[in-house]
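Reading through the structure tokens given below for one structure.
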Amino acid sequence: MKELLKELRERSLQAIAGTDSAEELEALRVQYLGKKGELTAILKQMGKLTADERPVMGQMANEVRAALEETLEKRRKVLAERALELRLAAETLDVTVPGEVHNLGHRHPMYIVLDEIKSIFIGMGFDILEDREVELADYNFTKLNVEEGHPAREWSDTFYFTEDSSILLRTQTSPMQVHAMESRQLPIRIIAPGRVYRKDEVDATHSPMFHQIEGMAIDRGVTMGDLKGTLNEVVKQLYGADTKTRFRPHHFPFTEPSCEMDVQCHKCGGKGCPTCKGEGWIEILGAGMIHPKVLTGCGIDAGVYSGWAFGMGLERLALRRFNISDLRLIFENDVRFLEQF
Ligand code: DAH
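By the working numbering, the letter at position 136 of the sequence shown is numbered 136, and the numbering carries on one by one without gaps.
Right, dumping it as structure tokens:
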């Protein structure tokens, strides 16, 4: 029996030293010290010993168990440390490796122009309003003095949602004037950029979706002179101090009097060329003094207050600003095109 214990001790200590993982170690523990393990099996033979031998063997068996337990525990610690080291090595982060440069891109050319226009108007004390694109016909037309039967309300021009023509995709940003008058304290100074929709075929100058910027100022004693002064200043800030402009009489249902504003052609300096279709001038916006009917309809006393308003096409300004010849390029978003701006 003494031989057996000695043999077990030597063999097991060697085996433990050769383990590589916590699992292997646990398997050995069960093999030697478990209930059905080798040490237990040896102890079962104690019965065969004499009364003198028994305590000696008992003590020896205890020593073997203690030695095994201690070695197992030491090995467990060594393996745990080694596992930790391996993990740390695997997860090492070299903070000195140069970073990956991400391609950030930049704003779309149209939004570059929009931001410029916004900051010009903000500098003049205007607020920016953005709102719904789905409108009531009431706001898109009726409250703007575009009555039932007006050609602008035709189904052929407008995207309607309902058979009774009461809900639509706004065809202009002008309904924002009504929202502003209904919800804001006087005096009002706002611009309202956003998408508008019309049933137009796509070509070099048309798209069923495009952008407008609406603008409006209402206060006591506001005149057409304020309209001209403000818009001239905006155009100068946008295109340069020597930019020439002109105002032509026009008709809009929601303004009286109404006008259109032209900018002298940047390509030919007013002589006439393909860009300005031989005119020498390029139209950039419609404007006018807000019709008293519109003011009154929004609860504003047209005897005390007056105001001017304008609406301009954003794409057209961007085309001019960046010398782009075809509207479709603005919407296609081909990166090779956009990268140029
Ligand atoms: N809403 C007009 C359009 O889409 C543009 C316009 C003209 C807006 C005159 C105005 C204005 O506010 O006063 O053609």
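The beta-carbon is built from N, C-alpha and C at its ideal position, and this holds for glycine as well.
Problem set entry | Inter-residue CB distance, Lys236 and Thr230 (contact presumed, cutoff 8 Å) | The beta-carbon separation of Lys236 and Thr230, rounded to 11 Å, does not stay under the 8 Å limit for a contact.
Exercise. Less than 7 Å between the CB of Ala241 and some heavy atom of ligand 1, yes or no?
Worked result: Checking the 7 Å criterion, the Cβ of Ala241 is out of range of every heavy atom belonging to ligand 1.
For this session: Determine the DSSP secondary structure at Gln59, reduced to helix, strand or coil.
Result: In the structure shown, Gln59 sits in a helix (DSSP, three-state: H, G or I).
Problem set entry | Beta-carbon contacts of Arg132 that lie in its chain and below 8 Å, excluding the five residues immediately before and after | For Arg132, where only same-chain residues beyond five positions count, the Cβ hits under 8 Å are Arg170.
Exercise. Which same chain residues, not among the five before or five after Glu38, have their C-beta less than 6 Å away from its C-beta?
Worked result: Spatial neighbours of Glu38 in its own chain (CB-CB distance under 6 Å, excluding positions within 5 residues in sequence) are listed in chain order as Leu8, Tyr32.
For this session: Measuring alpha carbon to alpha carbon, tell me which of Tyr305, Gly286, Glu201 ends up nearest Ile218.
Result: Among Tyr305, Gly286, Glu201, the Cα nearest to that of Ile218 is on Tyr305.
Problem set entry | Inter-stretch contact at 8 Å, needing at least 3 Cβ pairs: the segment 181-191 / the segment 145-161 | No contact exists between the segment 181-191 and the segment 145-161.
For this session: For Leu168, count neighbouring Cβ atoms within 10 angstroms of its own Cβ and tell me buried if that reaches 16, exposed if not.
Result: Label assigned to Leu168: buried.
For this session: Measure the alpha-carbon distance for Asp20 versus Gln14 and round it to whole angstroms.
Result: Looking at the two C-alpha atoms, the distance is approximately 13 Å.
Problem set entry | For Tyr160, the residue or residues it bridges with in DSSP | According to DSSP, Tyr160 bridges with Leu168.
For this session: Excluding the 5 residues preceding and the 5 following Pro253 in the sequence, name in chain order all residues of the same chain whose CB lies nearer than 6 Å to its CB.
Result: Taken in chain order, the residues that qualify are Asn145, Val146.
Problem set entry | Inter-stretch contact at 8 Å, needing at least 3 Cβ pairs: the segment 203-212 / the segment 316-331 | Using a Cβ-Cβ distance cut-off of 8 Å, the segment 203-212 and the segment 316-331 are in contact, since at least three pairs of beta carbons, one from each stretch, lie closer than that value.
For this session: Give the straight-line distance between the Cα atoms of Phe126 and Asp138, rounded to the nearest whole angstrom.
Result: Phe126 and Asp138: Cα-Cα distance of roughly 26 Å.
For this session: Note down, one range per segment and in chain order, each alpha helix (DSSP H) of at least 4 residues found wholly within the segment 173-257.
Result: With a minimum length of 4 residues, the unbroken runs of alpha helix (DSSP H) contained wholly in the segment 173-257 fall at 175-183, 224-239.
For this session: Measuring alpha carbon to alpha carbon, tell me which of Lys44, Asp226, Arg195 ends up nearest Met57.
Result: Closest option to Met57, Cα to Cα, is Lys44.
For this session: Go through its chain and collect everything with a Cβ distance to Ile122's Cβ below 8 Å, but skip five positions before and after it.
Result: Within the same chain, Ile122 has close Cβ partners Ile128.
Exercise. In three-state DSSP terms, what is Phe337?
Worked result: It is helical.
Exercise. In the DSSP assignment, what are the bridge partners of Ser306?
Worked result: In the DSSP secondary-structure assignment, Ser306 is bridged to Asp219.
Exercise. Which word fits Gly311, buried or exposed, when buried means at least 16 other C-beta atoms lie within 10 angstroms of its C-beta?
Worked result: Buried, by the Cβ-count rule.
For this session: For Ser119, verify whether its CB is less than 7 Å away from any heavy atom of ligand 1.
Result: Not one heavy atom of ligand 1 lies closer than 7 Å to the C-beta of Ser119.
Exercise. Closer than 7 Å: is that where the CB of Gly288 sits relative to any heavy atom of ligand 1?
Worked result: Placement of the Cβ of Gly288 at a distance of less than 7 Å from at least one heavy atom of ligand 1 is found.
Exercise. In this structure, does DSSP put Ile122 in helix, strand or coil?
Worked result: Ile122 sits in a helix when the DSSP states are folded into three classes.
For this session: Return yes when the C-beta of Gly311 is under 7 Å from any heavy atom of ligand 1, and no when it is not.
Result: Of the heavy atoms belonging to ligand 1, at least one sits nearer than 7 Å to the Cβ of Gly311.
Problem set entry | Trp281 - partner residues in DSSP beta bridges | The partner list for Trp281 (beta bridge, DSSP) reads Gln264.
For this session: Round the Cβ separation of Phe141 and His150 to the nearest angstrom and send it over; I've been treating them as touching at under 8 Å.
Result: About 7 Å; that satisfies the 8 Å criterion.
Exercise. In the DSSP assignment, what are the bridge partners of Gly313?
Worked result: Note: Gly313 sits in a beta bridge opposite Gln212.
Problem set entry | Pairwise C-alpha distance: Ile284 and Asp272 | This sequence places Gly at residue 272; Asp is not what is there. Separation of Gly272 and Ile284 (C-alpha to C-alpha, rounded to the nearest whole angstrom) is 17 Å.
Problem set entry | Alpha-carbon spacing of Thr92 relative to Lys74, whole angstroms | Going by the C-alpha atoms only, they are around 27 Å apart.
Exercise. Between the beta-carbon of Leu72 and the beta-carbon of Ile42, is there less than 8 Å?
Worked result: For Leu72 and Ile42, no; Cβs fall outside 8 Å.
For this session: Measuring alpha carbon to alpha carbon, tell me which of Arg321, Asp115, Ala17, Phe331 ends up nearest Thr275.
Result: Of the candidates Arg321, Asp115, Ala17, Phe331, Arg321 places its Cα closest to the Cα of Thr275.
Problem set entry | DSSP-derived helix/strand/coil call for Leu129 | Coil.
Exercise. Over what stretch of residues does the beta strand (DSSP E) that includes Glu135 continue unbroken?
Worked result: Per DSSP, Glu135 belongs to the beta strand (DSSP E) from 134-136.
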